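Peer 1: For the sequence shown, the UniProt record's numbering gives the first residue as 1, with consecutive numbering after it.
Here you go, one structure.
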Amino acid sequence: MNRLLLVPAGLLAFVLFNAFYTVGEAQQVILTQFGKPVKEPVTEAGLKMKIPFIQEVNRIDKRVLPWDGSPSDMPTKDKLYISVDLFARWRIVEPLPYFLRLRDERSALSRLDDILGSETRNAVAKHELIEIVRTTKERVPLKDPTLVEGTTDGADTNNVVGSLVPIQKGRVLVEQEIYKAAAEKLKVFGVELLDIRFKRINYNASVEPKIYERMISERRQIAERFRSEGNGEAARIRGNMTRDLNRIQSEAYRQVEEIRGKGDAEATEIYAKAYNQSQAAADFYAFTRTLDAYQAVMTPDTSLILSTDSDIFRLLKGTSALPETYAAPPSGD
1 MNRLLLVPAG LLAFVLFNAF YTVGEAQQVI LTQFGKPVKE PVTEAGLKMK IPFIQEVNRI
61 DKRVLPWDGS PSDMPTKDKL YISVDLFARW RIVEPLPYFL RLRDERSALS RLDDILGSET
121 RNAVAKHELI EIVRTTKERV PLKDPTLVEG TTDGADTNNV VGSLVPIQKG RVLVEQEIYK
181 AAAEKLKVFG VELLDIRFKR INYNASVEPK IYERMISERR QIAERFRSEG NGEAARIRGN
241 MTRDLNRIQS EAYRQVEEIR GKGDAEATEI YAKAYNQSQA AADFYAFTRT LDAYQAVMTP
301 DTSLILSTDS DIFRLLKGTS ALPETYAAPP SGD
């Protein structure tokens with residue numbers, strides 16, 4: 001008898017087990033009967049009941065889900081091919097349209113690939129590369145204080161080192177354009193697009209060498225400009241140095257001549273005072289000066305023609321009578 005009751009009890013337990021199901025906090029459930037949804041989606045957590053064996057539980061995640069696209073090559077408005085890597089965050093807000101159109105998360109990710117990839121390609125093609133690379137148009141560059149702040153005389157400010165090319169939008173607004181266009185298309189699938197961001201933007205491998213060559217050429221032009229400015233500044237400094245040196249030498253020569261003139265004047269004054277103390281001192285001074293003149297004028301090869309009444313002849317005639325050995329002149333001469 002107990003064995004006979006055990007079989008119905010087991011069948012009843014099996015039926016009750018299939019009649020109840022649980023819904024987690026991060027889940028929402030759609031019940032299907034023979035493959036078609038029945039009733040409203042179950043979005044509240046707890047223990048729920050269904051018709052056993054006939055109705056099937058389809059669980060749908062209601063958390064924020066990631067989407068990470070694959071890098072894709074696409075052209076910009078200025079005909080530069082770049083590799084764009086995008087990521088996004090999304091969630092399922094309407095489980096019934098989602099289930100009817102996509103069924104599972106794999107299909108949803110595939111649809112996100114198509115829509116986000118298409119809208120990204122359209123947005124990139126409408127903007128130049130600088131609009132996608134630069135964050136916003138309000139960005140202020142960090143400048144080296146040693147670089148030139150700007151140009152004058154109407155020069156092109158785009159070529160100034162440290163300046164940024166003016167843009168209209170920037171990467172943030174481009175991301176918003178992609179977000180708005182893609183979010184509108186994903187609503188019909190019961191999917192809410194929360195946010196998208198550019199993860200990486202690289203040049204296409206085929207154009208990288210040309211880009212690097214152009215960058216190197218621009219850096220060389222800037223280096224040549226700095227070098228020419230440095231040479232000009234060096235020439236100006238050397239010119240100023242030469243001018244200052246000539247001025248210093250000229251002033252020093254003038255001061256030397258002034259000091260020498262003052263010294264000669266003072267020496268002459270001292271000599272004059274010394275030789276004017278008596279008539280004998282004055283005569284002796286005149287005599288020594290005359291001897292100095294003789295020494296400067298007469299050499300072994302010099303021939304002199306003198307008149308008999310000249311002072312030099314008189315002096316020479318007076319000295320020729322002197323003996324070879326020195327003798328003091330007689331007193332009274």
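For every residue, glycine included, the Cβ atom is placed at its ideal position computed from N, Cα and C.
As the structure is a computational prediction, the values presented were derived from the model and not from experiment.
Roughly how many angstroms lie between the CA atoms of N18 and R106, to the nearest whole one?
Peer 2: Your numbering for residue 18 matches position 18 in the sequence shown. Your numbering for residue 106 matches position 106 in the sequence shown. Taking the straight line from one Cα to the other gives about 27 Å.
Peer 1: In whole angstroms, what is the alpha-carbon distance linking V38 and G24?
Peer 2: On the sequence shown, position 38 is the one that residue 38 refers to. On the sequence shown, position 24 is the one that residue 24 refers to. Near 20 Å, if we compare the C-alpha coordinates of G24 and V38.
Peer 1: Answer with buried or exposed for G170, where buried requires no fewer than 16 other C-beta atoms within 10 angstroms of its C-beta.
Peer 2: Taking the sequence shown and counting its residues from 1, the one referred to as residue 170 is at position 170. Buried: at least 16 other Cβ atoms inside 10 Å.
Peer 1: With a threshold of 8 Å on Cβ separation, who are the neighbours of G46 within its own chain once the five nearest residues in sequence on each side are excluded?
Peer 2: Residue numbering aside, residue 46 sits at position 46 when the sequence shown is read from its first letter. The answer, listed in chain order, is T22 and V23.
Peer 1: Does the beta-carbon distance from P41 to Q55 come in below 7 Å?
Peer 2: For this step, residue 41 is matched to residue 41 along the sequence shown. For this step, residue 55 is matched to residue 55 along the sequence shown. No, these two residues do not count as a Cβ contact at 7 Å.
Peer 1: Between which two residues does the beta strand (DSSP E) carrying I248 extend?
Peer 2: Here the question's residue 248 lines up with position 248 in the sequence shown. Looking at the DSSP string, I248 is not in any beta strand (DSSP E); the run it does join, the alpha helix (DSSP H), is E208 to Y275.
Peer 1: Please check the pair V207 and Y81, which I expect to be a contact at CB under 8 Å, by giving their CB distance rounded to whole angstroms.
Peer 2: The residue labelled residue 207 in the question sits at position 207 within the sequence shown. The residue labelled residue 81 in the question sits at position 81 within the sequence shown. Indeed, because the Cβ distance is near 6 Å, the residues count as touching under 8 Å.
Peer 1: Suppose only complete runs of 4+ residues qualify. What are the alpha helix (DSSP H) ranges in the segment 49 to 116, listed by chain order?
Peer 2: Within the segment 49 to 116, the complete alpha helix (DSSP H) runs of at least 4 residues are 95 to 101.
Peer 1: Does the beta-carbon distance from I60 to P95 come in below 7 Å?
Peer 2: On the sequence shown, residue 60 is found 60 positions in, with the first residue counted as 1. On the sequence shown, residue 95 is found 95 positions in, with the first residue counted as 1. Going by C-beta atoms, I60 is nearer than 7 Å to P95.
Peer 1: I need the straight-line Cα distance from T157 to I211, nearest angstrom please.
Peer 2: Sequence index remark: in the sequence shown, residue 157 carries index 157 (1-based). Sequence index remark: in the sequence shown, residue 211 carries index 211 (1-based). Confidence is the limiting factor: at T157 the pLDDT is only 46, short of 50, which leaves the residue's position unreliable, though a coordinate-based value still follows. Answer to the nearest angstrom: the Cα atoms are 22 Å apart.
Peer 1: Below 7 Å between beta carbons: does that hold for E175 and I201?
Peer 2: Within the sequence shown, the letter at position 175 stands for residue 175. Within the sequence shown, the letter at position 201 stands for residue 201. Contact: no.
Peer 1: So what's K126 in DSSP terms, helix, strand or just coil?
Peer 2: Residue numbering aside, residue 126 sits at position 126 when the sequence shown is read from its first letter. K126: coil per DSSP, three-state reduction.
Peer 1: Please report how far the alpha carbon of I237 lies from the alpha carbon of E229, in whole angstroms.
Peer 2: Working through the sequence shown from its first residue, we reach residue 237 at position 237. Working through the sequence shown from its first residue, we reach residue 229 at position 229. For I237 and E229, the distance between alpha carbons rounds to 12 Å.
Peer 1: Using the three-state DSSP reduction, which class does P8 fall into: helix, strand or coil?
Peer 2: If you number the sequence shown from 1, residue 8 lands on position 8. P8 falls in the helix class under three-state DSSP.
Peer 1: What residues in its chain sit with their C-beta under 7 Å from that of A282, if we drop five residues either side in the sequence?
Peer 2: What you label residue 282 is simply residue 282 of the sequence shown in a count that begins at 1. Cβ within range, chain order: Y275 and N276.
Peer 1: Our contact map puts W67 next to L112 with C-beta atoms below 8 Å; I'd like the distance itself, whole angstroms only.
Peer 2: Taking the first residue of the sequence shown as 1, we reach residue 67 at position 67. Taking the first residue of the sequence shown as 1, we reach residue 112 at position 112. Rounded, the Cβ-Cβ distance is 5 Å, consistent with contact.
Peer 1: For K79 and R89, what's the separation of their Cα atoms in angstroms?
Peer 2: Within the sequence shown, the letter at position 79 stands for residue 79. Within the sequence shown, the letter at position 89 stands for residue 89. Answer to the nearest angstrom: the Cα atoms are 30 Å apart.
Peer 1: Work out the CA separation of V188 and V84 for me, nearest whole Å.
Peer 2: Counting from 1 along the sequence shown, the entry for residue 84 is found at position 84. Counting from 1 along the sequence shown, the entry for residue 188 is found at position 188. So the alpha carbons of these two residues sit roughly 26 Å apart.
Peer 1: Please report the distance separating the alpha-carbon of K262 from that of A280.
Peer 2: Against the sequence shown, residue 262 aligns to sequence position 262. Against the sequence shown, residue 280 aligns to sequence position 280. Roughly 28 Å between the two C-alpha positions.
Peer 1: Tell me where the beta strand (DSSP E) around residue 389 begins and ends.
Peer 2: Outside the displayed range of the chain (1 to 333) lies residue 389, so it cannot be described from this structure.
Peer 1: Taking the CB atoms as reference points, tell me whether L65 and K50 lie closer together than 7 Å.
Peer 2: Numbered from 1 along the sequence shown, position 65 holds the residue referred to as residue 65. Numbered from 1 along the sequence shown, position 50 holds the residue referred to as residue 50. It is not a contact, given that the beta carbons lie outside the stated cut-off.
Peer 1: To which residues of the same chain is A123 closer than 8 Å at the C-beta, ignoring the five residues directly before and after it?
Peer 2: Looking up residue 123 in the sequence shown gives position 123. V174, E177, I178 and A181, listed in sequence order.
Peer 1: Which stretch, first to last residue, makes up the alpha helix (DSSP H) that contains L291?
Peer 2: Locating residue 291 in the sequence shown gives position 291, counting from the first residue. Start and end: Q279 to V297.
Peer 1: DSSP has D301 in a bridge; who is on the other side?
Peer 2: As a working mapping, residue 301 is identified with position 301 in the sequence shown. D301 is not bridged to any residue.
Peer 1: Considering only C-alpha positions, which residue in the set F198, A26 and K137 is nearest to G117?
Peer 2: On the sequence shown, position 117 is the one that residue 117 refers to. Closest option to G117, Cα to Cα, is F198.
Peer 1: Which stretch, first to last residue, makes up the beta strand (DSSP E) that contains E44?
Peer 2: Counting from 1 along the sequence shown, the entry for residue 44 is found at position 44. Note, E44: premise wrong, no beta strand (DSSP E); not H, not E.
Peer 1: Checking 7 Å against the spacing of the C-beta atoms, do K62 and E128 come in under that value?
Peer 2: Taking the sequence shown and counting its residues from 1, one reaches residue 62 at position 62. Taking the sequence shown and counting its residues from 1, one reaches residue 128 at position 128. Contact: no.
Peer 1: List the residues that DSSP assigns as beta-bridge partners of T196.
Peer 2: Sequence index remark: in the sequence shown, residue 196 carries index 196 (1-based). Reading the sequence as shown, one finds Ile at residue 196 and not Thr. Beta-bridge pairing links I196 to A88.
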